[in-house]
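If you're matching positions, the sequence shown starts at 258 in this note's numbering and goes up one per residue. The beta-carbon is built from N, C-alpha and C at its ideal position, and this holds for glycine as well. Working notes, structure below.
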Amino acid sequence: MTMDDLLAEISKREEIEDLRAFLSSRSDQTELRNQLLQLLRTVVEYDDATAWSKAVRICESLAITGWGDWERVDACTRFTGDCWETGFINHQGKHRFRLGNWTKRKAGWSLFNPEYHFSRDVPEIPAKSWEEYAGIEFPCVELLKLPSQRNAQKQMPIVMGLICGDGPVSERVWDLKRELTKLLIQTMRPEIYGDAINRFYLTLYCAADNRADSATHDGLKIGSYRAKPKAFYCELHLDSKFGPLSVDDQKGVFFNAVEESIKALETKFAKLKLEYDFAAFRSDIVSAFDLWK
Numbered sequence: 258m259t260m261d262d263l264l265a266e267i268s269k270r271e272e273i274e275d276l277r278a279f280l281s282s283r284s285d286q287t288e289l290r291n292q293l294l295q296l297l298r299t300v301v302e303y304d305d306a307t308a309w310s311k312a313v314r315i316c317e318s319l320a321i322t323g324w325g326d327w328e329r330v331d332a333c334t335r336f337t338g339d340c341w342e343t344g345f346i347n348h349q350g351k352h353r354f355r356l357g358n359w360t361k362r363k364a365g366w367s368l369f370n371p372e373y374h375f376s377r378d379v380p381e382i383p384a385k386s387w388e389e390y391a392g393i394e395f396p397c398v399e400l401l402k403l404p405s406q407r408n409a410q411k412q413m414p415i416v417m418g419l420i421c422g423d424g425p426v427s428e429r430v431w432d433l434k435r436e437l438t439k440l441l442i443q444t445m446r447p448e449i450y451g452d453a454i455n456r457f458y459l460t461l462y463c464a465a466d467n468r469a470d471s472a473t474h475d476g477l478k479i480g481s482y483r484a485k486p487k488a489f490y491c492e493l494h495l496d497s498k499f500g501p502l503s504v505d506d507q508k509g510v511f512f513n514a515v516e517e518s519i520k521a522l523e524t525k526f527a528k529l530k531l532e533y534d535f536a537a538f539r540s541d542i543v544s545a546f547d548l549w550k
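Shown next, in the form of structure tokens:
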């Protein structure tokens with residue numbers, strides 16, 4: 258079977274079980290995997306929604322056959338609040354290959370200002386910033402929606418963004434965020450919690466190095482839960498009182514913020530009658546903080 262024939266076959270399998278049955282029927286699984294990986298190479302820099310749809314089906318197929326020596330990535334689509342985003346994500350939540358933003362126009366879906374993240378599996382393509390694509394008019398393709406991989410690995414849900422100035426406290430907050438994220442990836446088991454949360458956003462605002470500190474609002478701000486992207490939003494504002502704290506006390510500020518956020522989300526879910534295993538979710542987070550201390 259040629260690669261074109263293989264792509265046609267997997268593209269017409271609308272159900273995952275049908276796709277699994279077809280792929281399992283192939284006698285030479287190693288050759289099949291190699292063909293799928295070669296097909297993936299053709300769409301890692303997808304230019305339109307048709308190419309992205311092919312990338313999704315190829316990654317769904319590789320999730321079934323296995324990735325061999327390649328790093329597994331999942332072709333995922335999500336709504337960021339401003340636009341739709343598509344990209345290839347590994348088990349640690351890191352992007353590989355093209356990361357695309359999309360806008361919906363009358364003529365269909367169109368990419369704008371994508372970027373490219375390096376992968377050791379396609380070493381000939383370097384990383385590229387969005388500036389290198391600025392101003393490029395990508396083709397519009399009329400689709401009802403942008404597909405997302407149906408058998409993707411669940412990602413560690415807690416995402417900590419950082420908005421800060423320049424200075425020692427901001428650098429310290431960055432280090433704390435990086436250390437905690439690494440431990441959360443180790444301890445959390447997103448596959449067991451449920452499907453009501455994809456992302457638990459905690460944005461860190463560090464004004465401790467800014468002279469305008471007095472104008473900032475200190476403390477935790479509980480935001481909203483958005484059902485469509487299955488995302489929860491909170492903000493932690495850190496002012497000048499954070500800098501002089503001991504490292505243990507700084508970590509305690511993080512822990513208290515996460516704990517209060519979880520309680521707020523649990524209350525929201527109770528009102529919405531949404532199911533989620535908060536006991537396991539909280540236990541795994543506590544394990545990460547225990548390791549951190």
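Within the same chain, show all residues whose beta-carbon is closer than 6 Å to that of residue i, passing over the 5 residues directly before and after it, in chain order.
i             : result
leucine 297   : Ile315
aspartate 261 : none
lysine 311    : Val300
leucine 263   : Gln292
glycine 357   : Thr343, Leu368, Pro371
Could you tell me whether the Cβ atoms of residue i and residue j are closer together than 9 Å?
i              : j                 : result
leucine 440    : alanine 545       : yes
glutamate 302  : phenylalanine 354 : yes
glutamate 288  : phenylalanine 279 : no
aspartate 331  : glutamine 443     : no
aspartate 534  : tyrosine 450      : yes
isoleucine 542 : isoleucine 346    : no
glycine 350    : methionine 417    : no
alanine 488    : tyrosine 458      : yes
leucine 548    : asparagine 513    : no
leucine 493    : phenylalanine 511 : yes
proline 447    : aspartate 304     : no
glutamine 410  : arginine 329      : yes
alanine 391    : asparagine 370    : yes
arginine 456   : proline 486       : yes
Suppose you measure from the CA of residue i to the CA of residue j; what does that come to, to the nearest Å?
i                 : j                 : result
serine 497        : valine 426        : 9 Å
serine 471        : glutamate 272     : Unreliable positioning characterises serine 471 in this predicted model, as indicated by a pLDDT of 41, which lies under 50. A coordinate reading is not provided.
alanine 464       : glutamate 372     : 29 Å
isoleucine 321    : valine 379        : 21 Å
phenylalanine 584 : leucine 522       : Because residue 584 is not part of the residues shown, which for the chain are 258 to 550, the question remains open.
glutamate 381     : glutamate 394     : 25 Å
histidine 348     : phenylalanine 336 : 20 Å
leucine 294       : leucine 433       : 37 Å
valine 504        : serine 281        : 53 Å
proline 383       : arginine 270      : 33 Å
phenylalanine 375 : lysine 528        : 43 Å
alanine 428       : glycine 509       : The sequence shown places glutamate at residue 428, not alanine. Each residue's alpha carbon lies about 18 Å from the other.
lysine 385        : valine 313        : 22 Å
serine 318        : isoleucine 454    : 25 Å
threonine 524     : valine 515        : 14 Å
Which same chain residues end up closer than 7 Å to residue i when comparing Cβ atoms and leaving out the 5 residues on each side of it in sequence?
i            : result
leucine 403  : Ala306, Trp309, Thr334, Trp341, Thr343, Trp359, Trp366
tyrosine 490 : Tyr458, Gly480, Ser481
Who are residue i's beta bridge partners in DSSP?
i              : result
asparagine 358 : Glu342, Phe369
valine 398     : Trp366
valine 416     : Tyr458
arginine 353   : Phe345
Keeping to the same chain, check which residues put their C-beta closer than 8 Å to that of residue i; ignore five residues upstream and five downstream.
i              : result
tryptophan 431 : Leu419, Cys421
glutamate 274  : none
tryptophan 217 : No information on residue 217 is available, as it lies outside the stretch 258 to 550 that the chain covers here.
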